[in-house]
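Chains as they are written, first to last, in the working numbering: chain A, 791 to 1219; chain B, 791 to 1219. All C-beta atoms in this analysis are idealised placements derived from N, C-alpha and C, irrespective of residue type, glycine included. All values reported here derive from a predicted model rather than from experimental measurement. Worksheet: the structure to be examined is printed underneath.
Number of protein chains: 2
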Amino acid sequence: MAVNNEIGIGLLGLGGIGNQVAEHLLQHLDAVSSHLDRPLSLRRVLVRDTALPRAVTLADGVLTDDFNDILNDPDIQFVVEVMGGEDPAADYLKRLLDKGKSVITANKEVMAKHGPSLMEAADRSGAQLRFEASVGGGIPIIGPLQNDLLANDITSIRAIINGTTNYILTKMAQEGLDFGVALAQAQALGYAEPDPTNDIEGIDAAYKIAILGSLAFHTAVAPEQVYTEGITGMAAEDFEFAHELGYEIKLLAIAERTDAGVQARVHPVLLHQESMLAKVEGAFNAIEVCGDLVGPVVFHGQGAGAAPTTSAIIGDLVAAARRDGKSTTSRPWSKLPMKPMADLETQYYLRVSIADQSGVLSKIASVFGENNISIASLTQKDGDNQLGTAQLVITTHPAKEAAMQTALQGIKNLSVLHKVHNLLRVEPI
Amino acid sequence: MAVNNEIGIGLLGLGGIGNQVAEHLLQHLDAVSSHLDRPLSLRRVLVRDTALPRAVTLADGVLTDDFNDILNDPDIQFVVEVMGGEDPAADYLKRLLDKGKSVITANKEVMAKHGPSLMEAADRSGAQLRFEASVGGGIPIIGPLQNDLLANDITSIRAIINGTTNYILTKMAQEGLDFGVALAQAQALGYAEPDPTNDIEGIDAAYKIAILGSLAFHTAVAPEQVYTEGITGMAAEDFEFAHELGYEIKLLAIAERTDAGVQARVHPVLLHQESMLAKVEGAFNAIEVCGDLVGPVVFHGQGAGAAPTTSAIIGDLVAAARRDGKSTTSRPWSKLPMKPMADLETQYYLRVSIADQSGVLSKIASVFGENNISIASLTQKDGDNQLGTAQLVITTHPAKEAAMQTALQGIKNLSVLHKVHNLLRVEPI
């Protein structure tokens, strides 16, 4: 295949995320390329040391330690940057964009500090700059702000965008731990870095809200303009007293547009327990965007990790590589079979009224048994004294829908049955 | 301005949504056009009766009752369809797409029943078909499925996508109402139609999950292939017993990809109270998408209404009208002022240890009073007996950050103060 019929890709960085991006591109090349009119080709990967062993198997000559091999390769049109850090990434991205190469980056620090000037560089050269992976892992938030929600005047963004601190705060809230203990646990489980400063002091969240605030209000918000306070001062007692008052404690990153200007801040807050953001637990992220038309929209998911970040990067890469401006290409539709409802396997909840007399439970239970359905719980509830009935609430272990429907018919045929009130399915969490 | 330098738009339907779309296009023409390289122009609006009075003021000659005026106008490249219903909308959309005109539609029934064939018609003529508004109001979900999440193998979609039924189920859960009473309340408040069949029987949700399932699995899922069960059989007792077991009851629309094929179903389920979907209340919608890379992502917001739907339509319109395939145009950056932290106005939570002696409370209170900060609650907590201290937890009414910082300094200067433990801000819900 001629090189000029391919979409040439360069990759900067081959750590955990770079490794998964490279693997995904190599293992799912046809699937990703099916969204495009030309196949993708991973031409070059920049690493510090080409001699180190790598988890992913790359063709000879793909690894390089010279950035110029990517910058000056005329067949590389798209560059994915997952090196992290400001230096030299910011300089690299500027030079790539100036040369007209489109950039897909996961680099929050670079985008927070240099985003507006890099976007201008992209505009000048006609290149694209996409950075969905820089905030919220694989949660779509940059795309929605730039596209889906663009008709709105955005009034505020409030976000839990640091999984490390939300994990620590959740532990403190649920287990009454002190900050130091919760931090040590988070470090032991890999949720916090050995040097956790950027997370626990709110710096990482400040980068991300600078990016989101800049996009939402279309004005440059620099990280040093974000008031930033971390969670190191939190104590177990604060959680106890906050709960008594009806609140959870969360590290929020907030960007608001007011008559007096834009305000951006990161600090712990007391948040009413009924708020959607108060319900975000563990290492999850959530971003609430308030628009004049759409009202509040919340985006919730895993905010970090190699796989979610790869999801965002590949999505950006395909969007950037689409030449025709269309949202989709005409992939042939697959013809998957439909699985019939009778083959569903799930748990059930059944509520019936039965004659309140001895021996009834065993009759009901034997219908379940005949259909190989295992009862998980059975509770007798008050029924109708005049009719002499009692209610039964039964939940089952997972069973086939067909078996459950047969059992239901069997129960309906019992002389002791008064009424089937409801059969509901129990959905896993 | 010459017509050929404009983006000509036709609008089918001028009910509540059509009216807001027309108003938005007329009142925010410059803002919407700023995302594009040419201005937009609303050229024609199709209505049944051109003589009826209209809430929006349109130029002479814009209203028409003849679909051919839009179909055959060479200067109309984009058509927004908000008529609703299958007939004649499906036929209109087919003819528009065949003619190469791009279509933005909010029509879930047409997209559920004819989506795949309409998408093929668009592919054949090179037109675009966008339908973000057909599911979840203004919540971005079609765009994320088509673009941001395309690197994922989607394993399941689980959604609360009918606001009427979620409102009714929330009322039943919270107030112990029976179905009929809750339905009547929803109708009185406008959350349910006078004829609520489509909502309460699950038909509306089945349309929407057919659309989402088709997109997620790239295979045609027809509404009649969706197992559909409504909420009319729900009783107050089911909520009582479900709560005892740790569940909420929700009407879920589910599309799953299994080894045995695609399964799509709409029915009430018991859902563990800790699940994100169980926490979705009232008329809100939420869609959970599970992908192999991204894990579970939840999109939450208002699922209906003229303003949210307009948000989705305008977003689609701009995306369709972008000719260069870029995600953004180079709008000049605004230079909004930053509002200083000192000007923040919010509520506060303060925890201090003080000498456990008489007169201390009045000293603290007077510092707040001097700074015009009104105390909302004050609770004395156990302190350290050996040190002879007590803890105070104080919350305030909204106050300026500058005043609160001055007050904090004043409290620190009090001889009765032992320690300031924490000053936190209280975020509104």
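Continuous alpha helix (DSSP H) stretch holding A:R885: start and end: 879–888
Contact test: A:A1189 Cβ vs the ligand FAD heavy atom, cutoff 8 Å: By its list of ligands, the structure shown contains no ligand whatsoever, and the ligand FAD lies outside what it can speak to.
Selection from B:A879, B:Q918, B:I1154 that minimises the alpha carbon distance to B:A902: B:A879
Nearest candidate by alpha-carbon position, reference B:V1052, set B:I999, B:E871, B:E1030: B:I999
Residues that B:P1058 bridges to, as DSSP identifies them: B:L1041
Given 8 Å, three or more beta-carbon pairs between the region 966–980 of chain A and the region 965–979 of chain B: no
Bridge-paired residues (DSSP) for B:Q1181: B:S1143, B:K1171
Beta-carbon gap between B:G953 and B:A1094 smaller than 9 Å: yes
Residues bridged to B:S1101 (per DSSP): DSSP output for B:S1101 lists no bridge partner at all.
One or two residues paired with A:E871 in a DSSP bridge: A:L802, A:T895
Nearest to A:K891 (by Cα), restricted to the options A:M1128, A:V869, A:N858, A:T1018: A:V869
A:R920 and A:D888 closer than 9 Å at C-beta: no
Span of the alpha helix (DSSP H) around A:I993: 993–1007
Any 3 or more C-beta pairs closer than 8 Å across the region 1043–1052 of chain A and the region 1126–1136 of chain B: yes
Stretch pair the region 1188–1204 of chain B + the region 1169–1177 of chain B: three plus CB contacts closer than 8 Å: no
Beta-bridge partners of B:E1217, as assigned by DSSP: A:L1061
Integer-rounded CB distance, given that B:I1077 should sit under 8 Å from B:I929: 7 Å
Residue interval of the beta strand (DSSP E) (run including B:T945): 944–950
Where the alpha helix (DSSP H) containing B:N1075 begins and where it ends: Element bounds for B:N1075: not the alpha helix (DSSP H) but the beta strand (DSSP E), 1074–1081.
Straight-line Cα distance separating A:P864 from B:G992: 55 Å
B:G970 - containing alpha helix (DSSP H), residue span: 969–978
Whole-angstrom C-beta distance between A:L1042 and A:V1070, which should lie under 8 Å: Not confirmed; about 10 Å, so no contact.
Cutoff 6 Å; reference A:R1141; Cβ partners in own chain excluding five residues on either side: V1183, H1211, N1212
C-alpha distance - A:L848 paired with B:I1219, whole-angstrom precision: 51 Å
Short CB-CB distance (under 9 Å) between B:P1218 and chain A: yes
Separation of A:H1208 from A:L1177, as counted between CA atoms: 9 Å
Close-in-space but distant-in-sequence residues of the same chain around B:L1061 (CB under 8 Å, 5 per side omitted): Y1037, E1038, I1039, K1040, L1042, L1067, A1068
Bridge partner(s) assigned by DSSP for A:G1091: A:N1075
Backbone secondary structure at B:Y957 - three-state DSSP: helix
Collapsed DSSP secondary structure at B:G933 in the structure displayed: helix
Whether A:L832 touches A:L804 by CB criterion (9 Å): no
Cβ-Cβ distance between A:V1108 and A:L826 below 9 Å: yes
Same chain only: Cβ atoms within 8 Å of A:I1021, ignoring 5 sequence neighbours per side: T955, I958, L959, F969, I990, G992, L1041, P1058
Local conformation of B:L1067 per DSSP, three classes: helix
Rounded separation between B:A1180 and A:F1031 - CA only: 14 Å
Near-chain A residues of the region 1007–1031 of chain B (beta-carbon distance less than 8 Å), N- to C-terminal order: F1007, H1008, T1009, A1010, V1011, Q1015, Y1017, G1023, M1024, A1025, E1027, D1028, F1031
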